[in-house]
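Enquirer: First, the structure itself, so that you have it in front of you.
Numbering (the numbering used here), first residue to last: 25 to 413.
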């Protein structure tokens with residue numbers, strides 16, 4: 025009997041090795057993935073794709089970035105990609121260790137990447153003057169290390185220009201997520217952005233009554249020329265956002281508990297808000313959700329005249345499965361009549377797909393043509409037979 029059991033164990037071991045070999049030798053199939061693939065990382069790698077961001081260089085080339093999270097990632101590494109054909113194809117440009125949760129943006133004649141050094145790390149900013157090929161290193165208060173200690177959270181959220189200053193939101197990541205406090209940084213637009221002394225830090229804003237995380241804030245100029253920070257919030261109902269008011273000097277934050285929680289389609293997942301001067305509307309792309317569980321398989325285009333009332337204009341990307349498919353954490357820019365979009369995408373790859381909807385295996389690029397003309401009943405991009413990004 026003992027010999028029989030040993031034989032079974034040996035057979036089981038051999039079969040498991042064979043199954044593993046078969047699974048690892050299979051060739052991924054990317055043919056069904058919507059948009060242009062910027063990067064791919066299979067679920068088996070333990071490196072999941074996060075924090076997509078996009079910028080356009082003065083010469084018209086696109087630059088995109090993402091970081092890695094997951095059990096084998098190290099939680100501190102970002103990749104930079106470049107496209108010379110308006111998003112059709114992409115090439116890896118650089119790898120940055122010590123850069124995470126980061127926003128790409130252009131300012132003056134330079135390209136910047138702005139985020140944290142790692143998960144819950146220091147606030148860091150780097151500059152590139154050659155289109156993202158080489159970057160400065162944030163080693164001290166003169167070279168882009170903006171905080172002397174760690175404990176910060178953010179995402180690839182937009183920067184705002186207002187009253188001669190450049191603004192960005194962060195969170196102080198101490199304690200449980202509902203305990204994290206919102207904050208805003210600003211610097212003069214003509215300052216050296218790598219100098220710690222150029223930056224003014226607001227007070228941090230606690231919200232213990234909310235019992236919810238307020239994170240990944242967007243600093244936005246209101247129609248009244250005031251400044252607000254609009255944050256993702258996961259309170260009951262999910263499609264909500266929180267508004268925090270920023271004082272003119274950038275030092276003080278305030279919130280009206282009766283008025284400043286708004287209905288916001290996709291408010292439970294990171295979003296990007298930008299103002300369009302052609303329509304005098306604010307626009308965003310969000311993962312519209314259903315109570316009681318958050319879902320990231322439906323990306324909608326939404327607009328608002330005042331940052332308070334948001335209307336869904338159209339569904340942009342959709343998949344019927346919510347467990348292993350998602351279009352999330354999108355960053356985007358206006359380009360004439362279009363939106364250019366990068367997405368942290370969980371999708372089929374022919375070898376089992378993403379680990380789950382959250383743990384994305386792709387970064388994809390999409391072009392939303394004539395976005396201002398989109399209607400509610402227009403087909404999502406991935407349902408249009410001749411769609412090309």
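Glycine residues also receive a C-beta, built at the ideal position from the N, C-alpha and C atoms.
Could you pull the DSSP bridge partners for residue 335 from this structure?
Expert: Taking the first residue of the chain shown as 1, we reach residue 335 at position 311. According to DSSP, residue 335 bridges with 327.
Enquirer: Need the endpoints of the beta strand (DSSP E) that residue 63 sits in, please.
Expert: Taking the chain shown and counting its residues from 1, one reaches residue 63 at position 39. Counting along the chain, the beta strand (DSSP E) containing residue 63 begins and ends at 60-64.
Enquirer: Pull the bridge partners of residue 89 from the DSSP assignment, please.
Expert: As a position in the chain shown, residue 89 is number 65, starting the count at 1. Paired residues: 77 and 104.
Enquirer: For residue 63, which residues from the same chain have a beta carbon less than 8 Å from its beta carbon, with the 5 sequence-adjacent residues on both sides left out?
Expert: Counting from one through the chain shown, the residue named residue 63 turns up at place 39. Cβ neighbours of residue 63 beyond the five flanking positions: 73, 90, 103, 105, 114, 116, 386 and 387.
Enquirer: Leaving aside the five residues before and after residue 224 along the sequence, list all residues of the same chain whose C-beta is less than 6 Å from its C-beta, in chain order.
Expert: If you number the chain shown from 1, residue 224 lands on position 200. Counting only Cβ-Cβ distances below 6 Å, and skipping sequence neighbours, we find 210 and 274.
Enquirer: Ends of the beta strand (DSSP E) at residue 143?
Expert: Position 119 of the chain shown holds residue 143. First-last for residue 143: undefined, no H or E at that position.
Enquirer: Does the separation of the CB atoms of residue 236 and residue 257 fall below 8 Å?
Expert: By one-based count along the chain shown, residue 236 stands at place 212. By one-based count along the chain shown, residue 257 stands at place 233. For residue 236 and residue 257, yes; Cβs fall inside 8 Å.
Enquirer: So that I know if they touch, is there some Cβ in chain D lying closer than 8 Å to that of residue 129?
Expert: Absent from the structure: chain D. Only one protein chain is present.
Enquirer: Rounded to whole angstroms, what's the CA-CA distance from residue 271 to residue 251? Just pull it up for me.
Expert: For this step, residue 271 is matched to residue 247 along the chain shown. For this step, residue 251 is matched to residue 227 along the chain shown. Approximately 7 Å between the Cα atoms of the pair.
Enquirer: Where does residue 351 fall in DSSP's three states?
Expert: On the chain shown, residue 351 is found 327 positions in, with the first residue counted as 1. Residue state, collapsed to three classes: strand.
Enquirer: Where does residue 367 fall in DSSP's three states?
Expert: Looking up residue 367 in the chain shown gives position 343. In the structure shown, residue 367 sits in a strand (DSSP, three-state: E or B).
Enquirer: Per DSSP, what kind of secondary structure is residue 422 in: helix, strand or coil?
Expert: As displayed, the chain neither begins before 25 nor continues past 413, which places residue 422 out of reach and without an answer.
Enquirer: Check whether the region 72-87 touches the region 394-408, taking contact to mean three or more Cβ pairs, one atom from each stretch, closer than 8 Å.
Expert: They do not touch, by the three-pair rule.
Enquirer: Please classify residue 47 as buried or exposed, where buried requires at least 16 other C-beta atoms within 10 Å of its C-beta.
Expert: Here the question's residue 47 lines up with position 23 in the chain shown. Legend: pLDDT at residue 47 = 48, less than 50; position of this residue unreliable, no value from coordinates given.
Enquirer: Beta-carbon within less than 7 Å of residue 300's beta-carbon, same chain only, minus the 5 sequence neighbours each way: which residues are those?
Expert: Walking along the chain shown from the start, residue 300 turns up at place 276. Once the five neighbours on either side are set aside, the close Cβ partners of residue 300 are 307 and 358.
Enquirer: Taking 8 Å as the threshold (C-beta atoms), are residue 177 and residue 136 in contact?
Expert: Taking the first residue of the chain shown as position 1, residue 136 is located at position 112. Taking the first residue of the chain shown as position 1, residue 177 is located at position 153. Their beta carbons are not under 8 Å apart, which means residue 136 does not touch residue 177 by this criterion.
Enquirer: Using a 10 Å radius around the Cβ and a threshold of 16 neighbouring Cβ atoms, would you call residue 112 buried or exposed?
Expert: The count along the chain shown starts at 1 and reaches residue 112 at position 88. Exposed, because fewer than 16 other Cβ atoms sit within 10 Å of the Cβ of residue 112.
Enquirer: Give me the residue from 157, 262 and 282 with the minimum Cα distance to residue 290.
Expert: One-based indexing of the chain shown puts residue 290 at position 266. Of 157, 262 and 282, the residue nearest in Cα terms is 262.
Enquirer: For residue 285, which residues does DSSP report across the bridge?
Expert: Within the chain shown, residue 285 is the residue found at index 261, counting from 1. Answer is 266.
Enquirer: Count the other CB atoms within 10 Å of the CB of residue 282; is the residue buried (16 or more) or exposed (fewer)?
Expert: Counting from 1 along the chain shown, the entry for residue 282 is found at position 258. Flag for residue 282 reads exposed.
Enquirer: By the 10 Å Cβ neighbour count, where 16 or more other Cβ atoms means buried, how is residue 383 classified, buried or exposed?
Expert: Taking the chain shown and counting its residues from 1, one reaches residue 383 at position 359. Buried, since its Cβ has 16 or more Cβ neighbours within 10 Å.
Enquirer: Rounded to whole angstroms, what's the CA-CA distance from residue 141 to residue 123? Just pull it up for me.
Expert: The residue labelled residue 141 in the question sits at position 117 within the chain shown. The residue labelled residue 123 in the question sits at position 99 within the chain shown. Near 5 Å, if we compare the C-alpha coordinates of residue 123 and residue 141.
Enquirer: Would a C-beta distance cut-off of 8 Å place residue 409 and residue 390 closer than the cut-off?
Expert: For this step, residue 409 is matched to residue 385 along the chain shown. For this step, residue 390 is matched to residue 366 along the chain shown. Result no, Cβ atoms of residue 409 and residue 390 do not sit closer than 8 Å.
Enquirer: Report the residue from 298, 347, 165 and 342 whose alpha carbon sits nearest the alpha carbon of residue 312.
Expert: Your numbering for residue 312 matches position 288 in the chain shown. Nearest option by C-alpha distance: 342.
Enquirer: Report the residue from 333, 345, 336 and 335 whose alpha carbon sits nearest the alpha carbon of residue 320.
Expert: As a working note, residue 320 is residue 296 in the chain shown. Nearest option by C-alpha distance: 345.
Enquirer: Give me the Cβ distance between residue 371 and residue 57, rounded to the nearest whole Å; I'm assuming they're in contact under 8 Å.
Expert: The count along the chain shown starts at 1 and reaches residue 371 at position 347. The count along the chain shown starts at 1 and reaches residue 57 at position 33. The pair is a contact, with the Cβ atoms about 5 Å apart (cut-off 8 Å).
Enquirer: From the DSSP output, read off the bridge partner residues of residue 252.
Expert: As a first step, residue 252 is located in the chain shown; it is residue number 228 there, counting from the start. 244 and 269.
Enquirer: Take the Cβ of residue 347 as the centre, count every other Cβ of all protein chains shown within 10 Å, and call the residue buried at 16 or more, exposed below.
Expert: If you number the chain shown from 1, residue 347 lands on position 323. Exposed, since its Cβ has fewer than 16 Cβ neighbours within 10 Å.
Enquirer: What do you get for residue 170, buried or exposed, if any count of 16 or more other CB atoms within 10 angstroms of its CB means buried?
Expert: What you label residue 170 is simply residue 146 of the chain shown in a count that begins at 1. Buried, because 16 or more other Cβ atoms sit within 10 Å of the Cβ of residue 170.
Enquirer: Can you say whether residue 324 is buried or exposed, counting buried as having 16 or more other CB atoms within 10 angstroms of its CB?
Expert: For the purposes of this step, residue 324 is taken as residue 300 along the chain shown, with counting starting at 1. Buried is the call here.
Enquirer: Note the first and the last residue of the continuous beta strand (DSSP E) segment covering residue 386.
Expert: Within the chain shown, the letter at position 362 stands for residue 386. Segment 386-392, the beta strand (DSSP E) holding residue 386.
Enquirer: Strictly by DSSP, which residues pair up with residue 116?
Expert: Start at 1 with the first residue of the chain shown, and residue 116 comes out as number 92. DSSP lists 105 as partners of residue 116.
Enquirer: Where are the alpha helix (DSSP H) runs, 4 residues long or more, that stay fully inside the region 159-241, in chain order?
Expert: You should have found no qualifying run.
Enquirer: What is the DSSP secondary structure of residue 68, reduced to helix, strand or coil?
Expert: Taking the chain shown and counting its residues from 1, the one referred to as residue 68 is at position 44. Residue state, collapsed to three classes: helix.
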